[in-house]
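The structure under discussion appears below in the form of structure tokens.
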Amino acid sequence: MSIAMRPSQALRLWQQVMLSQVRDDEPDLTMRQTAILFTIYLDPPPHTVRGLAARLNVTKPVITRALDTMGALKLVSRHRDELDKRNVLIRRTVEGALFVERFGDGIIAKAHELPI
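Numbering (the numbering used here), first residue to last: 2 to 117.
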């Protein structure tokens, strides 16, 4: 489905979504943490620290710091790969899935409020 928007409309939508996130009682994630979280939930697994770092073109320590925060919020969990102990597998959680779903619902709601 294609949606035609002017740049000012797209920016207004993004602003409204971000404002609703800040005002809600949801975890306050950085842009980088949000990108990592959405990659984990929207791209098919398995996800590893190494794979996420390559996908987002950042270092493994950047991914690890973001996962520390998101793990403390129970949005993701980490487990050693039983087949290759060097790999850390990132798993989705119920809390994380609900967060992502609510975020998507918020985007839809704010999009409906945009002037035509």
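Backbone N, C-alpha and C fix where the C-beta goes; we use that ideal spot for every residue, glycine too.
Distance between ILE4 and GLN10, taken at the CA atoms: about 11 angstroms. In the pairwise beta carbon analysis, the segment 91-107 is classified as touching the segment 61-77: at least three pairs are separated by under 8 angstroms. Pairwise C-beta distances place the segment 15-26 in contact with the segment 104-115, as three or more of them are shorter than 8 angstroms. For ILE109, the uninterrupted alpha helix (DSSP H) run begins and ends at 95-113, by DSSP. Counted as a single uninterrupted DSSP element, the alpha helix (DSSP H) harbouring ARG24 occupies residues 8-24. Distances from the CA of ILE64 to each of PRO8, ILE37 and ARG7 were compared; the closest alpha carbon is that of ILE37. Distance from HIS80 to LEU90 at the Cβ level is roughly 5 angstroms; contact confirmed, criterion being Cβ atoms closer than 8 angstroms. Leaving aside the five residues that flank THR40 on each side, the residues in its chain whose CB is nearer than 8 angstroms to its CB run, in chain order, HIS48, LEU53, ARG56 and LEU57.
Collapsing the DSSP output to three states places ILE91 in a strand. THR49 carries a strand assignment under DSSP once its states are collapsed to helix, strand and coil. For VAL77, no alpha helix (DSSP H) segment is defined; the enclosing uninterrupted segment is the beta strand (DSSP E) at 77-81.
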